[in-house]
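So the mapping is simple: my numbering equals the position in the sequence shown, first residue as 1, plus 72. Built from N, CA and C at the ideal position, the CB exists for glycine as well. Have a look at the structure below before the remarks.
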Amino acid sequence: MKTTQQKIVTSLWFDDNAEEAINFYLSIFNNSRILSLQRYGKAGLGPEGSIMTISFELEDQKFLAINGGPAFKFTEAISLLVNCDSQAEIDALWDKLSADGGEESQCGWLKDKYGLSWQIVPARLGEMMQSDDTEKTQRVMEALLKMSKLDIDTLEQAYEQT
Numbered sequence: 073m074k075t076t077q078q079k080i081v082t083s084l085w086f087d088d089n090a091e092e093a094i095n096f097y098l099s100i101f102n103n104s105r106i107l108s109l110q111r112y113g114k115a116g117l118g119p120e121g122s123i124m125t126i127s128f129e130l131e132d133q134k135f136l137a138i139n140g141g142p143a144f145k146f147t148e149a150i151s152l153l154v155n156c157d158s159q160a161e162i163d164a165l166w167d168k169l170s171a172d173g174g175e176e177s178q179c180g181w182l183k184d185k186y187g188l189s190w191q192i193v194p195a196r197l198g199e200m201m202q203s204d205d206t207e208k209t210q211r212v213m214e215a216l217l218k219m220s221k222l223d224i225d226t227l228e229q230a231y232e233q234t
């Protein structure tokens with residue numbers, strides 16, 4: 073029997089705290105689990121026996137985390153976008169991901185305490201931003217640019233305004 077493998081997997085580089093970060097993410101997202109982990113042997117970037125990589129899923133999406141040392145850091149050039157179905161979901165994810173040293177930004181962006189960037193957005197935002205009615209799209213964009221954490225009602229009002 074052939075197993076289906078996700079063709080593209082996001083790989084996240086951590087200094088030496090991948091396990092801590094992954095456990096943090098697993099505590100936040102449903103349908104999430106560790107799939108496997110590998111440890112460093114005598115040769116490698118980390119101490120023998122320490123975790124080298126962790127394969128895991130968040131909301132059924134596969135990721136790989138590596139403890140690769142301090143050579144690389146996360147930047148806003150890449151982020152994980154989470155489509156949320158309700159304001160309660162946005163609020164909960166925003167609060168959890170920005171806690172304990174995370175940084176709030178604007179337009180639904182934040183960095184978690186590990187430096188990874190996230191976009192916490194309403195699932196319907198893409199539809200609102202791709203409307204054939206450019207006035208609606210413009211109003212939504214103007215509302216969005218004034219926000220840090222996104223407010224679904226305000227975006228909906230901007231979209232539906234006549």
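Item: Contact set for Leu216: own chain, Cβ-Cβ below 6 Å, skip 5 residues either direction; Value: Cys179
Item: Ordered list of alpha helix (DSSP H) runs contained in the segment 144-231, each at least 4 residues; Value: 159-170, 197-201, 206-217
Item: Close Cβ partners of Val212 (< 7 Å) along its chain, the five nearest in sequence each way excluded; Value: Met200, Met201, Leu227, Ala230, Tyr231
Item: contact_flag[the segment 137-153, the segment 79-96] where n(CB pairs < 8 Å) is 3 or more; Value: yes
Item: Residues that DSSP places opposite Gln236 in a beta bridge; Value: There is no way to answer for residue 236, as the model of the chain reaches only from 73 to 234.
Item: Residue from Ser83, Ile106, Ile126, Ile123 with nearest C-alpha to Asp132; Value: Ile106
Item: Cut-off 6 Å between Cβ atoms - residues of its own chain near Phe110, not counting five sequence neighbours on either side; Value: Looking at the sequence provided, one finds Gln at residue 110 rather than Phe. Excluding sequence neighbours, Gln110 sits near Met124, Thr125.
Item: Limits of the unbroken alpha helix (DSSP H) element including Ile106; Value: Run containing Ile106: none in the alpha helix (DSSP H); it sits in the beta strand (DSSP E), 105-111.
Item: Coil, strand or helix - Ser122 by DSSP; Value: coil
Item: Continuous alpha helix (DSSP H) stretch holding Leu98: start and end; Value: 90-100
Item: Cβ neighbour criterion (16 or more within 10 Å) applied to Lys218; Value: exposed
Item: Classification of Asp184 by the beta-carbon crowding that lies within 10 angstroms, buried from 16 upward; Value: buried
Item: Contact check, Phe144 vs Trp85, beta carbons under 8 Å; Value: yes
Item: Inter-residue spacing [alpha-carbon to alpha-carbon] between Thr234 and Asp223; Value: 19 Å
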